[in-house]
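Asker: Residue numbers (numbering that gives the first Met the number 0), protein chains in the order written: chain A, 0 to 1098; chain B, 0 to 903.
By construction, the Cβ of each residue, glycine as well, lies at the ideal position given by its N, Cα and C atoms.
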Amino acid sequence: MSEQARLHARDPGRSVLVQAPAGSGKTELLTQRILALLVHVDEPEEILALTFTRKAAAEMRIRVIDALNMSEPDAAQAHKLETWRLAQAALQRSRERGWNLAEHASRLRLMTLDSLTHALAAQLPLLSGFGEMPVAGEDQGHTYRLAAERALDRLLEIDRDAAEALLLHLDHQAVVLISLVADMLAKREQWLELVIDHARDMEALRDTLESTLTGLIVEQLQSCDRLMPIEYRHALPPILAFAGENRGVAELASLSAWPAASVESLPLWQLIAAELTTKDGLRKPGGINVKRGFPNDEESKPLKQQFQQILGDLALVPGLESALIGLQQLPATSSYSEQQWQLMQALFNLLILAADELQQQFSLSGEADFTEIALRALRALEGEAGQPSDLLLRLDYRIHHILVDEFQDTSLLQMRLLRNLTAGWQEGDGRHRTLFMVGDPMQSIYRFRKAEVGLFLQAAENAAALPQVEMQSLERNFRSAPLIVDWVNRAFSAIFPPQQDAVRGAVKHAMAVSALTRDGCVCLHIQQPDEAGSEAEDAQEAAAITALVRQELAADATRRIAILARSRKHLHAIMPALNRAGIPFKATKLLPLDSCPEVRLLRAMARALLHPIDRESWAALLRSCYGGLNTAELLLLLGSDERPVWHLMQEAERLSAMEPAAAARVASLVAALEPCVEVAGRVGVRRLLESAWSRLGLAAAFDATAASNIAQTLELVATLDEGGAIDFARFDEGLKKLFAVANSSAEASRVELMTMHGAKGLQWDVVLLPGLGKRGNNGDTPLLALTDVPAVGHELPLLALRAATRSDDALFSLVNGIEKSKYDYELARLLYVACTRAETSLHMFGRVSEKGQATSGSLLSLLLPGGADGGCFGAEIIGLQGEGATQEGERKPLLRMSELPELVVIEPVPTRQETEYLWAGPEAAPVGNAVHAILQQVAEKGIEQWSAADSEVAGLRMRRMLLAEGLSGESLESAARRCQLALQRVLASSRAAWLLSAAHRESHCEWALSSHRGGAVANHIIDRSFVDTGGTRWIVDYKTASHEGADMEAFLDEETKRHAAQLERYAATLRLLEPERPIRLALYFPMFDGWREWEPAHH
Amino acid sequence: MASRFNSAPIEGPKTIKIKPGVSQVSEVSEAMQNGALLLTATAGQAADWKRRLSVASGAAVIETPAVVSWQQWLADLIATDLSLPVPLNRLQETQLWERVIRADLPDRSSSAASIRGLARHAMQALELMQEHDIDLRELAGFGEEAEALARWIGGIHAELARPTLAGRALAAELPWRLLPGLAGRMEASTILLDGFDRFMPLQSALLAVLQAGGVQLLCIESDAPPGEVIVTACTDEGEEVDLLTRRIATLLQEKPEARIALLTGDSIRDSEPLGLALDRCLLPAARHNPADETRAVVMPAGSLFDAPMIRQLLFVLGLAGKRSLALSDCSRLLLSPWLKGYAAERAGRAALDGWLRRRNMHHLSIPWLLGSGRLDGLPEFAGALSALNDWKVTRHSASDWVSELNRLLQELGFLPSGFEAGDLRSDAEIRLINTLRDQLASLVCLDALDDTMSWSRFLAILRSSCTAKPLQNEAAFPNVVVMPFTQAAGLKFDVVLLAGFDEEAAPMPARSLPLLPLPLQQKYRIRQCNAVLAYERSSFLWQAVLRAAPRIEISYARVRGEQECRPSPFAAGCEQRDYLPVEVDRGSATMMGWPMEPFEDAPSVPLREGELQRGGTAVIRDQSACPFRAFARHRLGLTPLEESTPGIEPTVKGSLLHLALEELWRRLQSADRLHALDEESERQLIEAAIAHAWEQGGAVPARLQAIESRRMRTLLGQWLEIERGRPPFQVLALEEEWRLHLPQSGPNRFDVRIKADRIDRDAHGHRILIDYKSGAKQRIAQWIGERIEEPQLPLYALAANLGHEDAVSFASLRAGEMGFEGLAGEDIGIEGIAACDGKRNHPEDWDAVLEVWREKIDALAAEFANGECRVTPRDADACRYCGLEAVCRIEETGFDLDAGDDEA
Ligand code: SF4
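(1) Given the structure, does I889(B) come close to ligand 1, in the sense that its CB is under 6 Å from one of the ligand's heavy atoms?
(2) Could you pull the start and end residues of the beta strand (DSSP E) that P796(A) belongs to?
(3) Distance check for E371(A) and I432(B), CA to CA, integer angstroms please.
(4) Below 8 Å on the Cβ atoms is my guess for V788(A) versus G214(A); work out the distance and round it to an integer in Å.
(5) Just confirm the distance between the C-beta atoms of E597(A) and F701(A), as a whole number of angstroms; I'd bet it's less than 8 Å.
(6) Here's the rule I'm using: 16 or more other beta-carbon atoms within 10 Å means buried, otherwise exposed. How should Y445(A) be labelled?
(7) Determine whether the Cβ of K1038(A) lies closer than 7 Å to any Cβ atom of chain E.
(8) Given a limit of 9 Å on CB to CB distance, which residues of the region 306-333 of chain B reach chain A?
(9) For a minimum of 3 consecutive residues, which ranges assigned as the beta strand (DSSP E) are wholly contained in the region 37-70 of chain A?
(10) Using DSSP bridges, identify the partner residues of H1011(A).
(11) Heavy atom of ligand 1 less than 6 Å from the Cβ of V604(B), yes or no?
(12) Suppose you measure from the CA of L349(A) to the CA of G696(B); what does that come to, to the nearest Å?
(13) Can you find at least 3 beta carbon pairs, one from the region 472-481 of chain B and one from the region 278-295 of chain B, that sit closer than 8 Å?
(14) Counting along the chain, where does the beta strand (DSSP E) carrying A564(A) start and finish?
(15) List the residues of chain B whose Cβ lies closer than 8 Å to the Cβ of S362(A), in chain order.
(16) Tell me, which residues are paired with Y1083(A) by DSSP?
(17) From F195(B) to W72(B), what distance separates their C-alpha atoms?
(18) Which residue's Cα is closest to the Cα of T516(A): E551(A), F477(A) and W1033(A)?
(19) Would you say the beta carbon of E884(B) is closer than 6 Å to some non-hydrogen atom of ligand 1?
(20) Alpha carbon to alpha carbon, how far is S441(B) from M308(B)? Give it in angstroms, no decimals.
(21) Mind checking which residues open and close the alpha helix (DSSP H) that includes K772(B)?
(22) Do you know how far the Cα of P317(A) is from the Cα of R397(A)?
(23) Does the Cβ of E906(A) have 16 or more other Cβ atoms within 10 Å, making it buried, or fewer, making it exposed?
(24) In whole angstroms, what separates the C-alpha of L408(B) from that of H361(B)?
(25) For K303(A), count neighbouring C-beta atoms within 10 Å of its own C-beta (all shown protein chains included) and say buried if the count is 16 or more, exposed if not.
(26) Can you name, in chain order, every residue of its own chain whose Cβ lies under 6 Å from the Cβ of E689(A), other than the five neighbours on each side?
(27) Using a Cβ cut-off of 7 Å, which residues of the region 113-129 of chain A contact any Cβ in chain B, in chain order?
(28) Which residues in the same chain have their Cβ closer than 6 Å to the Cβ of G866(A), if we skip the five residues on either side of it in sequence?
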């Protein structure tokens, strides 16, 4: 069956959706399909394979290229034969069509969805509205918040009532409202277009939302209706009417038939459900008595017995109980109350403003999130009329075959893109086109990255508005031992829901068949509560895990082991235990940078240097391993004085009151940081911190891991630098998302620690799952419930605001309940992913209560539905013994440098070389250039030969030059006048008559010389040079500065001083060319016929 | 042999014949001495030829050879042809495009950035159309984007036809007009060509004219054999950086003046990490000097905008003409070292920032700040702020803005106002400010477009011109250059290191340009618009690199980011080896070796007489949470420097409510009076209480006041409802203050001042001490646990000397959680105040509770007074919002307080 499915799946003639469970050889299948498709296309670009990460795209490319470069496999590798055969055919095609495929891997369009949208948007600058492509940045939290804050300010101005209503609804907590809006901006793809489209017609929006609500309610009624056995639909009404009559409940008493599954009958349904259930579940038959309307008399007896009988039977209908309870929680009507709607409208108005502000922020910063890029690309593709295919064609995106990997992780936006890409694919247009999607809905665990598993389920039903696909399922598992595969089959067919549900993201289990024969084991290690508290429990678990790891490694040192937890916090106790046991390990993304001591110190250093009055941060430096002050010394230094710490550190009396050693440390700190304090704010922050860090010699005080943590932190600092300062709020936010680097040695990679989410796509010999008994942190109830409901060809958002701060209501619960179900179902899938990582051994660990129950909300509660006594689907259950070492009482002493590193003294910079020039207005430079050019012409021709006609042409040239340099209007005219004047002065000058004469020997104008020393070449241009009759080489530079008024001499002196160095350089250059010739230097000022000459310095 | 590819033959235009003439430098040299002109494809190549010829000459100085890049050659020809119009400069042209595009877009809201981008694309498209001789009409029928381009080009021509722009033209459109007179203007009889992989139609046409006019065209074809190639594979990018820095250090050691090129493949998107590693390795001493901005080697040019001074200058200008400031902006202004008078006023400015933060002035009005008296000690800052405040943002011509801005920058201190400007700027800073002035002055060219413009537009233009202005760093080793692989064609070095040379780097992927329809690009074979052209271009570059040096050392990282990489197929036949890093693997936990010693970090420091000025309940609360915290907060005076938050702070809301309730009960005094209130008088009472609160309470932006008043109204109404449900009572005291002298015995005692919000007495004589809480709800467990978390009520009980009959309670005033939460000796009939009866986890004996409280408070006070200050938090929760982690170094003691989120 599986083989057949594989064959179908890679058949380039079919469009398929493949469900490929863990270990079923999905990558091989994708590779084969790409190879097979290559034979059928005109250009490799016609195939588009979409992955979710760049890593996956690169991997896929390598797989294909490797296949193309593969040599014929021998008999032992028969399973590769098929791939080789397909590759050979593809190569043949490549040769025929001159693709150079094996050498030009980028011709294979294997990319992430994000890079595809980016490319599309970049290609359409006008339609996407981007003009210039922004930098795509994932972490835009601060931008969302800024936009939200500004939007709220605007709303307060333009619609006070709305702003007020919203703020008061949230107990006037502006910060809460802002973060709510910021969250909404982060997922604006869900609501933005709908809300904007209805900005002018909110009533229509209300209708849309309410009809979606109605749909949801009806759907629940219908499923309840379906579950209720037909015979009881007839039997129950008279029984309930009887009870209603006896209890004087008119609505019940008048019940004559089973109600229809429509919203109008909802109250009736709820009434019936209330008769059949209590809050704990279906009524026990014993609870049917006179209070319930069945007096203890003969008349009632048959009905009562019948009712009891029915209740007993109903308990056997799977799903009915929860459906009935669910019904009672439905809101009484599917419409928003007036007050709710007012608030929703106010919120929509705020959201529209916020979206607008967000655009502005993006365009100011030149950054945007991926959502923005995708939305704009889609907007460009869809155009006004929404006819995407032409545009793609014009862009030369002749995509005929699309492959999508990890299809279970598709988000709403990505689905929309896919619909767009395939929208023009009509049947029978002569083109052969295929769509291939592969994934495993059972492994959909990325809701936090916007994955919507419901989309997979819809696509499987061909209800996703994509081209028709065949559904194929792979069953053979090439990864895990049969024992594990069987256990997983047993456990997860019970743990996963029995029915698929696209709305709530419910996926049922699909059976796998092991293709292997090796031995395996599945164990659940159960821990009883420890009186000493949870820390002792963690320690015990850590000890057991360490022992197990040691045992596994002892049995086979090449064994690869993973320790996977739901939350990285759950692994914290295990790391020190492994360290103590001397077992190296690789901890991926477990230790957040912001809690690493060296990073805390660096942060304090940044704050201290950038903010003189940040006492806390200065105190941190003083108490650091460099400052090394204890509390007594700190008190002497800082006690009862509020002046800036930097000031106090330099006060002699204070220091003299301290222990000499401590005072010396403070003095060293001052001396070391002084140059940094001096330039703080004037240089890049990274540079500032790096120098401070090395001046204090801190690199040597920490270990190598710390060094890479510091490097990462500085990297972050550099990206946040706003010109000598950083925004610390953003810095802190950034730090939270960074993690200490993992030990990357080969030894350490045998034991890996990571979260279950991080383990997706990986596999190990042995997998250990600690902390299954712990509860996750499934968060507070949000203030706003937002979910999306699949409809044909698109998804509809649904929103509800919570009734008020710290309270609840039914409509909100309905909407939020959908999100909650999605969460719960995904949690079970997370466990599935974790368990299916194991090849040979799977060890699970968890704590139960004294009664053997697992904490609700924990993963263990899924594994032990009937408590510890009920077993774990046949896994071996082992009681956890022994004790672990807690860290209690092990407080480590703080360390400081025994001796401080020697202070590095900075040599003062020699004399100043650069001069700040006096600004003479925007015309000065153009005039200077024009005059230079004309003097060159005059000298080249020889001033003696210069005619009036020459002056006229020169005037024209100068004007052109001034124009080209950007002058216009009045400033052009005045500049031109100045040039003319200069020319007239020059022509009338006796000095110029000599200087610009054609009579000189070896004369040059704008003389370009190149000198070189040690491979480096310098180019110089000398305005005017010649050899006079006395054999002296003149070097003259024109200076076009003007001077009016008195003190001409002082001005010329100043100018000479300013330019002497430059002329000396020329002299030195010429000396190389003409070593023997005497040289004289001069400055000529054509604007007023000024002159200065001097003998060059002898070096 | 390094490659399997042969050098691609130069594809000359059909009409001209270019001889593959000279091949060696000496031949080139000779030709040039005979008056030949050397034209290169890029400016970089021209500069390199000048260098090579100069070095080859053997002389220390020579006349600069006549080498010029194609672009420069054209520009010179155009500039000196008096019959041609004068081209608009780049900035003028950009603005003209932007104007045309802005007018054309239906949706006026398009952002400035987007229009800027479209203008850039359009200019580029037009240049290519000119180079490839593509007729405007060919754009028809290719959809919206191409049609827009055609419209915009038309729009530009219409603009150029206006009288104000008479005699001007677009630079890209002029070269074709050189054709008629070109042959006559050439002085050189021979032109050498180098670095062209093919000639565009425009180039062919110009060259053909020259050839027809008798100019000999020769193409330089290097006959140098390709260099020796070796490929090194590194584990990851960090290792590759390591390899490259070590290698360059060695090469420089062997030959300090060696010309080394470090060429980066496309997969190295940012060469900065490489630059930093080189700085560290080659200039170890410079790391100690924060002011030394010299880099080790020549890096790709940055932008003027990225220099801290310029960033700050533009930031400050962004505030000009504004009436109000966000606090974060105000902080930046206060701490900007270039703002006039910083050195003298630094401390005062920092202190002002602290004050504004404490007051949570999230937004502040500049006129208010100027008039507040807060700037009294900061005259220079006040001056700068007024200059910003007085800035007029009405429309001006560009040249007026330029001169106005010059004046403003002098007033702000960024520009010196004369030669004698006193502050000492570094050379680099002077260069920056000179460059900025030039950029600023260049904006007068916008006058030619006869526009006045708004301040924000002018500022945006200044900002983008600063961004566009490249800023080349100074290098200690100017002979070592880092540049993209794609820019190195035609250059020569002693050694080439080619880094990141993986599949992504070469062959390059096809890349097309926006606006110009792709089919047109393909028809005219523009750049790398399809895979075949991209492959050709890549091969050309690869061949060029092979001949760039006698030795080419290629490297790549096997894993980059998280991506697995393979070497470029171009390097497939070359010798390969693995890099063996010298150092121990990164990430292992070995100490770097500086000798360290343990020290007693927190000895007890008994409180001195009179040391503690103000002590409140916080002292005891902090001592209970963590002795070090109490010490740091209350004795060292370490208070956090908070960021401001929008809206009213919770503490302000809380104290407003307190004030209102105080007033309310001052007027009411008893339950009877409360019961007697009718609706109207209750309303009036509440209004009066709120009015009172505002009179006493803090400064809150006016528009938020009304909202907060509404909230208070609701809350107070609800609260009175709760009070109505109580048995009869009288108010005994309001805001009663006590001063406790703690601990009760011992040498070091200190005062704790506390104030009870209210004490009531009920009909049975029970005293009920009430403390209003507007924050999160308190659980009784928090004040009766082993280490008291919330010592407020115990302290009150102690101060008020409460006894068996009395009760203490919080009154929670939080919406949705209103009610009492307290303890009493017996049931006093108030919901939420539990009797100590041992049921439901309540304590059994109220007297015992009071006694324990007394002892515990006393013990904590004694601890504090004795100076017990060890870093021993009660639990990880105590540290959660503490903020002193960097000071106490809690993690280093082995305490785990990772407060990360759960899952993923
Ligand atoms: S962070 Fe924790 S240990 Fe450090 S001072 Fe604060 S409460 Fe004490």
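Answerer: If we stick to the structure as given:
(1) As a first step, residue 889(B) is located in the second sequence; it is residue number 890 there, counting from the start. Yes, the Cβ of I889(B) comes within 6 Å of a heavy atom of ligand 1.
(2) If you number the first sequence from 1, residue 796(A) lands on position 797. Its beta strand (DSSP E) spans residues H793 to L800.
(3) The residue given as residue 432(B) occupies position 433 in the second sequence. The residue given as residue 371(A) occupies position 372 in the first sequence. Near 37 Å, if we compare the C-alpha coordinates of E371(A) and I432(B).
(4) Indexing the first sequence from 1 puts residue 788(A) at position 789. Indexing the first sequence from 1 puts residue 214(A) at position 215. Indeed they touch by this definition, with Cβ atoms about 7 Å apart.
(5) By 1-based counting over the first sequence, the position of residue 597(A) is 598. By 1-based counting over the first sequence, the position of residue 701(A) is 702. 5 Å between Cβ atoms; contact.
(6) If you number the first sequence from 1, residue 445(A) lands on position 446. The residue is buried, with at least 16 neighbouring Cβ atoms inside 10 Å.
(7) No chain E is part of this structure, whose protein chains are labelled A and B.
(8) A306, P307, M308, I309, R310, Q311, L312, L313, F314, S327, S330 and R331
(9) 46-50
(10) Locating residue 1011(A) in the first sequence gives position 1012, where the first residue counts as 1. Answer by DSSP bridge pairing, in chain order: V1016(A).
(11) Taking the second sequence and counting its residues from 1, the one referred to as residue 604(B) is at position 605. No, the beta carbon of V604(B) sits no closer than 6 Å to any heavy atom of ligand 1.
(12) Position 350 of the first sequence, counted from the start, is the residue given in the question as residue 349(A). Position 697 of the second sequence, counted from the start, is the residue given in the question as residue 696(B). Looking at the two C-alpha atoms, the distance is approximately 30 Å.
(13) Verdict: yes, contact present.
(14) Here residue 564(A) refers to the residue found at position 565 of the first sequence. Run containing A564(A): I560 to A564, per the beta strand (DSSP E) assignment.
(15) Here residue 362(A) refers to the residue found at position 363 when the first sequence is read from its first residue. By Cβ distance, chain B contributes S110, A111, A112 and S113.
(16) As a working mapping, residue 1083(A) is identified with position 1084 in the first sequence. In DSSP, Y1083(A) forms a bridge with Y1037(A) and W1090(A).
(17) The count along the second sequence starts at 1 and reaches residue 195(B) at position 196. The count along the second sequence starts at 1 and reaches residue 72(B) at position 73. For F195(B) and W72(B), the gap between their C-alpha atoms comes out near 15 Å.
(18) Indexing the first sequence from 1 puts residue 516(A) at position 517. T516(A) has its Cα closest to that of F477(A), out of E551(A), F477(A) and W1033(A).
(19) Stepping through the second sequence from its first residue, residue 884(B) is reached at position 885. It does: the Cβ of E884(B) is within 6 Å (strictly closer) of some heavy atom of ligand 1.
(20) As a first step, residue 308(B) must be located in the second sequence, where it is residue number 309. As a first step, residue 441(B) must be located in the second sequence, where it is residue number 442. For M308(B) and S441(B), the distance between alpha carbons rounds to 20 Å.
(21) Looking up residue 772(B) in the second sequence gives position 773. K772(B) -> not in any alpha helix (DSSP H); beta strand (DSSP E) instead, spanning R766 to K772.
(22) Working through the first sequence from its first residue, we reach residue 397(A) at position 398. Working through the first sequence from its first residue, we reach residue 317(A) at position 318. Distance between the alpha carbons of R397(A) and P317(A) is about 50 Å.
(23) Your numbering for residue 906(A) matches position 907 in the first sequence. By the neighbour-count rule (16 or more Cβ atoms within 10 Å), E906(A) is not buried but exposed.
(24) Indexing the second sequence from 1 puts residue 408(B) at position 409. Indexing the second sequence from 1 puts residue 361(B) at position 362. If you take the alpha carbons of L408(B) and H361(B), they lie about 27 Å apart.
(25) The sequence position of residue 303(A) within the first sequence is 304, counting from 1. So K303(A) counts as buried.
(26) The residue labelled residue 689(A) in the question sits at position 690 within the first sequence. Annotation for E689(A): no residue places its beta carbon closer than 6 Å to its own, counting only its chain and skipping 5 residues before and after.
(27) A121, Q122, L123, P124, L125, L126, G128 and F129
(28) Position 867 of the first sequence, counting from 1, holds the residue named residue 866(A). Excluding positions up to five away in sequence, the list reads G851 and Q852.
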